[in-house]
Every structure is written in structure tokens, then in C-alpha cells.
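In my numbering, the protein residues as written are 46 to 1064. For each residue, glycine too, the CB sits at the ideal point set by N, CA and C. All figures in this text were calculated on a predicted structure; none of them were measured in a lab.
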């Protein structure tokens, strides 16, 4: 059998709400067994120490806490449907989600894939309680029950297209589910599989059965292979693992807990009783699993046994193991069972054992088995080549192999052989913290968290802050993994971080400060439309982007690339000039190539990060870098052209200047006409004109402006750019331009030569020659660009200049374009570039995150899983009593310091549901639901009907509520909604579901449609 990797897991067992707590409990040989919770059944009503008929001999067992808590809003399930669902379905949904996250996968990324779901389940007590009350059976109660729905729910809500099935082989169910999942992976039926098991005890039925069959331990505890063993103690829980073929997991860089080398399943057939174990069949299933795994019995270091703690069961299991291991040389094989800590979890027993074995191999330590200190001498373990684990077993550094048995009460046996992850497989603790010298990396990580609501976001920020604070790992891998796993929900949080202490503090601050949370969170309606604005001459300064070059390997790569292209034409390194802080950067022959290099490096870095511009505009020399990005010409030709441009302009005699004037070109035309050596150099806005020309002529113009009360300001420039004084260099530049060439831009470029979008027009030699002396029509080009509706204006240059100019255009009546500066200040570094990427992510961009991190940082690290809300409670109206049955209800969360009582009473519209609030707060679904609305008769009827069908309080539904995305409606609910609306609105002509479907986007849409129908019926 090809190896199968366990790449993710999650679980909840008695005394252990998560895998970390589970491992801690096992290492302490602790237990999660206690009294039967009053919420389940009144244990005293059914207790008889002597095991009288219809009674159990115990009032204890292993129970998980808060099985009624479910975050229905997260899965967009209405309260009414959630209340009708078997809690096993609810537990599995949350567990599967967390397991997928643990595998380093954003669950949304699995949508549409052939991922399989295989669930082992044995009990269906929720159905026994609710499907037998025929008067209360609804569509929701029907779909909320049934073994198949435990798997199908997961496939439905995660949109998984692979095999989806539940299997019931009694106590071996979940290990058989793992076996089926492995086979589906090996056959190519799916590439990823979720294998799970679940068990929730809601009635004393099995306790009574075990007692009457002579199998129940009076103290409710399993004592595997112990001299004190006296029967089964019931347990429960939920567990899930994510499985991949090992080669696929390694290829995708997923962390591997352990590897499944082989599995086998068989049946007892006809033995001395259908519930009696069969030694020979157990022996055969072990042999088959070893053969499939390609191992000898002597290779197996330890086995997680079925170990129920019944005298007969323990004896038969030891004899079956002994048949294969009695001849071992060296140390006996270690044996233990988790049932001593959590009880017999029945349908979830196999997954509980699998997760224990996987964690043991991962941590290279096998926990001691509870009750092992008083070994049952009748088992003669040593004779069988076995020993009980009385202290933790430290595994050697070489590959270790462990076994796992799970035997069904009806005779279906399963065994699995697992091995520690191979050295070449990714592991979370394999991250190197040495400095990255690669070709990628911003110089600062960006930690992301997303959630479907602000409350959920706050809760998860705190969960991540707590987890980060406990970690001793570099921040880069944590950020990279958050980008891969913690994205996909409505509210997007992102914050740059350069160490874990800073990150933990930032997460905690945002979770507790609403203003800070608002700054770092976005709720985008769609993808951003990004415009890149390339800064022109005048924005340069010594050491510009020097710190960014030092901190960001990504930027460093592209500045080096630009420098290599420029050096043959400039005669010296532009990069070295920038890094040294040489004031020569203000000389035109260096200014223009330097600005080009910076613009090219910044834009190329953003392109690698997935920021593909929809629109581009360059101010004067800024157009050269924009042209390279638009594939007008390659980098080398652009470098030749910009170097020649700067050198030729520097050769011009000094004596020229530029004057910024608060006036329109039309207002200045009379003055310009009087001065042949002065022209309009740039028009940056309606009242922002730059004149360029001879200094003496400019002085005369300046004096005239002063007399007219028009404000003006001299610009610090070396020459009169974009003026008639450029004429002497045009011919020589045209020769270079002919050699460089230039084509039609492949991306939209708003030309500051033409003052508009170029329409299939080449940016050729003629264009670039004209570019030198033509005025820069930034105002016209930017106005047209803003009219195209960009959501973000990203400034590509050494300081924010153009975004401020565009803001003044917006104040003139134009809208659109949030400014984002890649280099917001002179000492900007990697953190500032990371902040720009974070801002774009919050706005809906899906960055190519790999480019933001050095290769050494792109290593798997498991993050804290999603923290689900436990505010909403769904349970039966009361505990099972000896002569009572009850319907379905929705429970509030317990008040602080108080106890929670089930909520009963009548249902809305006689549907058996009660919606209540806990701790003084309503069971909320939408932030908008409590907004004041104008309620007329149609609106009131619709809102009441929607609330009744979904199980919401009326004030939780508003016209803005989306029926599918927010309220969790489906086709069955729509049919009921139609009938309820017809009942409430007299005079409404008969409707079909087909009539309603196109109008069901939001409650408001439905109200508007029905108002029209009611109005036409009256007319």
C-alpha cells in the first residue's frame, strides 16, 4: 500500500476540548470521566446498582462539555434548522473545518474539488427522540437526522464533490471510515479526504444495554488490561483527520503528523455469538494490515489496542496480539488504550485512537496508559511478547511504527499500521530562522485573519494573539501560513509584523479597540480596480529607497535588474549612487535613470505580489517605467532611452527654470504669447499650471502675475523641462528613440502627452521625442483615469506626489481612488511596502503571498484553529426522563456565573421552536438586522414569515438581510415561505416558487415584489 499522510486533525473528547488538551491529558494519564450531565438524562431515574431490568448500573461516563453550542451563523444555518440538526452533525461541521485549517488549507480552497468525506458513526439517538414525535416532524427535523447527513453536511457546507458517506460498524466505525478514505485516495477517487468519527450520548439506552449484557462497569470507567477491569464505561466525542497521499502532501509542502502504512478490515463471521469477539478474526486482520503495510510484527513498537476493559474482550485481544508478537526478540511490544482516559467513545473510538497514535509518532512519545499500573496477571502479557505502558515511551530517532485496533460489536474488525513522518516530509518545527537571502520577501510579514462578522473577527484575533504569544518561532512563517489559511471570509484583517511580540500586541489591541480594528479591517464588495501612478522628476532625494533595498529582497532583485540594464548607458551604477546618498541624484543625467529604476523596481515588485494594474499613468519620465510594465518595449530598450534622455538634457546650457502658477492655461495664454522662450510645461489640474522656459522671461511673467494677484512659486529644477528650450536635443534623442523602438501598450495607459487614454496608439520613437518638449497634461489624463472608477491609486515612486494631486482633482467633483503610497516617507522600508499590500488585501485583492516572503519563511506552521462562537445553544427542551419526551428548542448562552436551563414553550407558528436570548443579548445574525425599518403591512408580513421559517426573532430580520447568504434559506424553506406569505397577505394572487426565485436576493427585494403584486391585485 502506498503511504497516506495525516496532514491535519482536530478533536473534542471528554476533558479535552482540542488536540492540545487531548495530548496534555494523555501525557498526564488523566481522565475526562464524570457524572452524567443533567442535560442528557436524569441518571438517577435509570440507575440500579444491581442492574435491574430497564436500568443501568452506573451514573458516570465520559461526556464532552457544551455539545449544544453551535456557531450556526458561521455556516449560514438558520436557528430553526440548527435546532433540528443532530448535534453530531453540528460537532462534525466545526471539527472538520478546524482539521482542514490544521492541514494548512483554507477550507474555501477545497470548494468544488473531489475531496471525500468518510464518517464513522454508531448512534442516532437524536432521531430516536425527534422522529418518533410525528406531530413535530418537519423538513428540518428530517434532514437534521440520519447517518448519511453527518458526512453529507460537511460535503454540502464545504462544497466538496468527492465521495461522501457514513459508515456504521458499531465500535470500529471510524477506523473503518479511515480505511475507506485511504482506499479512495489510493484508487484516485479523491486527492484529499476527511475521515472522522462522532458520538454523542443523549439517552441511557446503551448504558442499559451494556448493563443487561453484563458489559457495564459500575463506576462508568474502562480499565483496559487492568486487574481492576470490570466492564465498559461509555464515552463520546468527535475527531477528524485530513488525509493525502504522502507524495502529494510532500509536493504541496504540507506538514505531516504521521503516515498510514497499511489498513485492513474483516469480519468475525459466524462465531459463538454476534456480539462476542473472535480471536482468530482479530489475528487475521492484524496479519492483513501488517502485510499491506509491508512490515513484520517485530517492526511494530507499540499498539493502541481496542482495550474496552471487559474481561473476555481484553483476554481475546491479548491472545490475538500474542499470536503474532510472542516470538519477538528484544523488547516486548508496548500496549495501551485511550479508553482508560475518555471511556469507550463507540463510533468515535477508532478516530480517538488514531489521533492518539498520530500525536505519539509526531511527538515521538507514547503516553502511559491509565490503569496500566495494576496489570491483569491472567493476561500473561510477557508470555505474549507484550507489556503495558506504565510510563511514557520515548521513541528513538529512527522511524517508529505503531498499530491501532478497533473492533465492532457486530464483528467488523479494523487495524491500521502507522509510521512516523519521514525526514523529508514537512513538519511544523522544521522552520529555519536564519536570514533570508533569496529573491523574494518584503522585509516584513503581513498577518491576516478573516471572519464572517466583526464579533467573530474580534474573537479570532484574541485566539491568535494568545497562540502567537506562546510560540517561539519566527514571525515570517506564522504570517505566511495565516495568508494561506486564515483568508476567505467577509471581514479581512491584515497587519504588518516583524516579530511575534509585536504581532501578539497588535492582534490584542485590534480585538479590544474598535477604532484600531476599523483601521486594519476591510469589508470589500468586490475586487479592487488598481491604478498605478508613476511619479516624475522632482520627487528624487539622496538615498531614496535605500532602506527598502536593504530590507526587501524582492525590491532588491528588481532594482539590481534595472541597474544592470542602465549601467552600460550611464557609465556607473545608479543603484550605488542611490545607496550612497550621493547628492548627484539631483543632476538630470542621474535623476531620470534613478527615478526610472525606482519606478520599475516598485512596479515589478507589486506585479510579483499579484497587483496587476487595470490602469496606468506616468507623470513625465514616470511614463518610461509604466511603458515597460505595459510591454511597450523591454527593460533594456527603456534603460537605453531614459539614460540618453537624462544625459542629453544635462548637456543643455543652464538658465532655464519652471514656475508653478495657481491659474488655468487659458488665463496664462496672453503672458505666454508675449514670451517666445516660455511655454506651458505641465497642467496638473484646473488651477495648477506649470510654466517652463528662460529664467529672465519667467521673471517677467512672475512679476506680471504678482501685479495681478495670482500666486506662483519657483520650482527647484536644473533646466526648463517640457519647454521650447529642449529643442536642441530633439534630433539626437530621436536617433536613439528610433533604435529603441516602442509598440502599442498592452495595458491601459493614460498618456500625459495626449491627456487621455491611448487607444491602440504606439508609444514609438515619435511619441518619446514629442514627450520631451510637450506639456505634461496630468490634469486631463488623471481626470479621465478617475472617471474610469479606480478603487485605489497606488503611487509608484520615491514619495507620494501624484496621489495628492489626484485628491485635489477629486475635490473638484471627481470621485474614486483611495491613495496608497508604496514609499510614504524618505526612510520607508519593508514594513511600509507590506502595509501597502495589507491595505490592498483588506480591499479585496488576493495577493500572491509567496512573493512577500523569503523561501526560508515559506514553511508550514500550524496556527490556532478557527474559534467558533458558543453563544447559540440548541438542545431538547429538557433531559430525557423515564416517562417523557420533548421537542426541539433553541437555548441561550449561559449567563456569567449562572446555570443554563433548557428553554421550552411554544414555537413560532406552531413549529416546535423557541428562540431565546442569553446574558441579556438577542440571538443575532446580522449587524443590519436591528436597524429601524419602515414596516407597512406587506413588509411586516414578509419579515414575520421569514423569521418564522428561519427560526429568527422578527427584529433579527431586516430588508437588507440576504435570504441565502445571511439567513441560510434553501429550496425547502423557500417553499414554506411562499405558503406563509400567501396565508398572511389576503388578496395576493396565487404564486409559484418559480415566481419567487428571481426575487429572493434580499428580504427587501421580496417586499418590493410583493408590494407590486398586492397593489395590482387591489387595482
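Output the distance between the C-alpha atoms of residue 915 and residue 497, rounded to the nearest integer angstrom.
Translated into the one-based positions of the chain shown, residue 915 becomes position 870. Translated into the one-based positions of the chain shown, residue 497 becomes position 452. One C-alpha to the other measures close to 15 Å.
Delimiting residues of the beta strand (DSSP E) encompassing residue 464:
Working through the chain shown from its first residue, we reach residue 464 at position 419. First-last of the beta strand (DSSP E) with residue 464: 457-465.
Taking residue 31 as the reference, which of 867, 909 and 617 has the closest Cα?
One cannot answer for residue 31 here, as it falls past the ends of the chain, which runs 46 to 1064.
Specify the secondary structure class of residue 230 as computed by DSSP and reduced to three states.
Residue numbering aside, residue 230 sits at position 185 when the chain shown is read from its first letter. Under the three-state reduction of DSSP, residue 230 is assigned to helix.
Opposing strand residues paired with residue 757 [DSSP bridges]:
As a first step, residue 757 must be located in the chain shown, where it is residue number 712. When beta bridges are read from the DSSP output, residue 757 appears opposite 706.
With DSSP collapsed to three states, give me the class of residue 691.
Translated into positions along the chain shown, residue 691 becomes position 646. Three-state result, residue 691: helix.
Beta carbon of residue 721 nearer than 8 Å to that of residue 767:
Position 676 of the chain shown, counted from the start, is the residue given in the question as residue 721. Position 722 of the chain shown, counted from the start, is the residue given in the question as residue 767. At least 8 Å separates the beta-carbon of residue 721 from that of residue 767.
Give the straight-line distance between the Cα atoms of residue 978 and residue 1047, rounded to the nearest whole angstrom.
Start at 1 with the first residue of the chain shown, and residue 978 comes out as number 933. Start at 1 with the first residue of the chain shown, and residue 1047 comes out as number 1002. Only weak support exists for where residue 978 lies, its pLDDT of 33 falling under 50; the value from the coordinates is given anyway. C-alpha separation (whole angstroms): 14 Å.
How many whole angstroms separate the CB atoms of residue 513 and residue 431, which I take to be in contact at a CB cut-off of 8 Å?
As a first step, residue 513 must be located in the chain shown, where it is residue number 468. As a first step, residue 431 must be located in the chain shown, where it is residue number 386. Beta-carbon to beta-carbon, residue 513 and residue 431 are separated by about 43 Å, too far to satisfy the 8 Å threshold.
Can residue 143 be considered in contact with the ligand SAM, in the sense that its beta carbon sits closer than 7 Å to one or more heavy atoms?
This structure lacks the ligand SAM; in fact it carries no ligand of any kind.
Cα-Cα separation between residue 765 and residue 741, rounded to whole angstroms
As a working mapping, residue 765 is identified with position 720 in the chain shown. As a working mapping, residue 741 is identified with position 696 in the chain shown. For residue 765 and residue 741, the distance between alpha carbons rounds to 12 Å.
Considering only C-alpha positions, which residue in the set 626, 122, 660 and 583 is nearest to residue 997?
Taking the chain shown and counting its residues from 1, the one referred to as residue 997 is at position 952. Comparing alpha-carbon positions, the option among 626, 122, 660 and 583 lying closest to residue 997 turns out to be 122.
Taking residue 1068 as the reference, which of 744, 672, 687 and 714 has the closest Cα?
The chain is shown only over 46 to 1064; residue 1068 falls outside these bounds and no answer can be derived.
Please state if the CB of residue 392 and the CB of residue 261 are separated by a distance shorter than 8 Å.
Translated into positions along the chain shown, residue 261 becomes position 216. Translated into positions along the chain shown, residue 392 becomes position 347. It is not a contact, given that the beta carbons lie outside the stated cut-off.
Distance CB(residue 220)-CB(residue 451) smaller than 8 Å:
Within the chain shown, the letter at position 175 stands for residue 220. Within the chain shown, the letter at position 406 stands for residue 451. Contact: yes.
Could you please give me the residues that DSSP links to residue 50 through a beta bridge?
Translated into the one-based positions of the chain shown, residue 50 becomes position 5. When DSSP reads this structure, residue 50 sits in a beta bridge with 289 and 304.
Can you name, in chain order, every residue of its own chain whose Cβ lies under 6 Å from the Cβ of residue 970, other than the five neighbours on each side?
If you number the chain shown from 1, residue 970 lands on position 925. Caution is warranted here: a pLDDT of 31 is assigned to residue 970, below 50, making its placement in the model unreliable, and the coordinate value is therefore given only provisionally. Excluding positions up to five away in sequence, the list reads 118 and 1001.
Select from 194, 1013 and 278 the residue whose C-alpha is nearest the C-alpha of residue 77.
Residue 77 sits at position 32 when you count from the first residue of the chain shown. The shortest Cα separation from residue 77 among 194, 1013 and 278 belongs to 278.
Taking residue 525 as part of the alpha helix (DSSP H), name the residues at either end of that continuous run.
In the chain shown, the residue the question calls residue 525 occupies position 480. For residue 525, the enclosing alpha helix (DSSP H) begins and ends at 520-530.
Whose C-beta lies closer than 7 Å to the C-beta of residue 418 among residues of the same chain, with five residues either side of it excluded?
For the purposes of this step, residue 418 is taken as the residue at position 373 of the chain shown. Cβ-Cβ distances below 7 Å link residue 418 to 435 in the same chain, with the five nearest sequence neighbours on each side left out; the list follows chain order.
Proximity of residue 305 and residue 227 at Cβ, strictly below 8 Å:
For this step, residue 305 is matched to residue 260 along the chain shown. For this step, residue 227 is matched to residue 182 along the chain shown. Residue 227 sits close to residue 305, with the two beta carbons spaced by under 8 Å.
Residue 1093, enclosing alpha helix (DSSP H) - first and last residue:
In the structure displayed, the chain extends from 46 to 1064; residue 1093 sits before or after that span and is not available.
Extent of the continuous beta strand (DSSP E) to which residue 863 belongs:
In the chain shown, residue 863 corresponds to position 818, counting from 1. Its beta strand (DSSP E) spans residues 863-866.
Sorted by chain position, which residues of the same chain lie with C-beta nearer than 6 Å to residue 412's C-beta, five sequence neighbours on each side aside?
The residue you call residue 412 lines up with position 367 of the chain shown. Take residue 412, set aside five residues on each side of it, and the residues of its chain with a beta-carbon closer than 6 Å to its own are 71, 72 and 437, in chain order.
By a C-beta neighbour count over all protein chains shown, 10 Å radius and 16 as the cutoff for buried, is residue 840 buried or exposed?
Position 795 of the chain shown, counting from 1, holds the residue named residue 840. Taking every protein chain shown into account, the CB of residue 840 has 16 or more other CB atoms within 10 angstroms, so this residue is buried.
Give me, in chain order, the residues of the same chain whose beta-carbon lies closer than 8 Å to that of residue 56; leave out the 5 immediate sequence neighbours on both sides.
Locating residue 56 in the chain shown gives position 11, counting from the first residue. For residue 56, where only same-chain residues beyond five positions count, the Cβ hits under 8 Å are 63, 64, 67, 140, 282, 283, 284, 285, 396, 397 and 400.
Buried versus exposed call for residue 1040 [16 or more other C-beta atoms within 10 Å across all chains shown]:
Taking the chain shown and counting its residues from 1, the one referred to as residue 1040 is at position 995. Within a 10 Å sphere around the beta-carbon of residue 1040 sit fewer than 16 other beta-carbons, which makes this residue exposed.
Taking the DSSP output, what are the residues bridged to residue 325?
For the purposes of this step, residue 325 is identified with residue 280 of the chain shown, where counting begins at 1. Partner(s): none; residue 325 has no beta bridge.
Taking only the alpha-carbon atoms, compute the straight-line gap between residue 880 and residue 874 and give it to the nearest angstrom.
Residue numbering aside, residue 880 sits at position 835 when the chain shown is read from its first letter. Residue numbering aside, residue 874 sits at position 829 when the chain shown is read from its first letter. Approximately 10 Å, taken between the alpha carbons.
Taking DSSP as the reference, what is the three-state secondary structure of residue 351?
Reading the chain shown from its first residue, position 306 is the one you call residue 351. Looking at residue 351 - three-state DSSP - the assignment turns out to be coil, as it is neither helix nor strand.
Comparing C-alpha positions only, which one of 723, 854, 115 and 707 sits nearest to residue 733?
For the purposes of this step, residue 733 is identified with residue 688 of the chain shown, where counting begins at 1. Minimum Cα distance to residue 733 is reached at 707.
Got a sec? Which residues, its chain only, sit under 6 Å from residue 838 by beta carbon, not counting five neighbours each side?
On the chain shown, residue 838 is found 793 positions in, with the first residue counted as 1. Closer than 6 Å at Cβ, skipping near neighbours: 576, 578, 848, 851, 862 and 864.
Kindly indicate which residue of 981, 1008 and 390 has the alpha-carbon position closest to the one of residue 1029.
Walking along the chain shown from the start, residue 1029 turns up at place 984. That would be 981, whose Cα lies nearest to the Cα of residue 1029.
What's the gap between the Cα of residue 964 and the Cα of residue 202?
Position 919 of the chain shown, counted from the first residue, corresponds to residue 964. Position 157 of the chain shown, counted from the first residue, corresponds to residue 202. Only weak support is given to the placement of residue 964: the predicted model assigns it a pLDDT of 31, under 50, and the question is left unresolved by the model.
Using 8 Å as the cut-off, can you tell me whether the region 344-355 makes contact with the region 233-253, which would need three or more C-beta pairs spanning the two stretches below that distance?
The region 344-355 vs the region 233-253: no contact.
Answer yes if the region 150-164 comes into contact with the region 92-100, meaning at least three C-beta pairs across the two stretches below 8 Å, and no otherwise.
In this structure the region 92-100 does not touch the region 150-164; the number of beta carbon pairs closer than 8 Å is below three.
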